[in-house]
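Chemist:
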Amino acid sequence: MSQQFELNSNISVDCVIFGFDGEKLNVLLIEEKDIGQGMLRKRLPGDLILKNESLDDA
């Protein structure tokens, strides 16, 4: 059984995770393949929220 979820395309929740190694500040990024161009792109971890999901729950 598959479930369908309706996304709210106007609101997303992203996470910025900083790290400091004693010399420089780092930011965590994830790599994902851009389906349209077949290239890897880097972005912050996160996603769009569901229509019936609150920002607190996201």
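Under the numbering used here, think of the first position of the sequence shown as 3, with each following residue one higher.
Cβ coordinates follow ideal geometry from the N, Cα and C atoms, glycine included.
1. Name, in chain order, the residues that DSSP records as bridge partners for ASP36.
2. Where GLY48 and ILE13 are concerned, what is the direct C-alpha to C-alpha distance, given to the nearest angstrom?
3. Compare the C-alpha of PHE20 against each of LEU46, GLU55, LYS53 and name the closest.
4. Which value, in whole angstroms, describes the spacing of the CA atoms of VAL29 and SER56?
5. Assign PHE20 to one of three DSSP states: helix, strand, or coil.
Modeler: If we stick to the structure as given:
1. MET41
2. 11 Å
3. LEU46
4. 26 Å
5. strand
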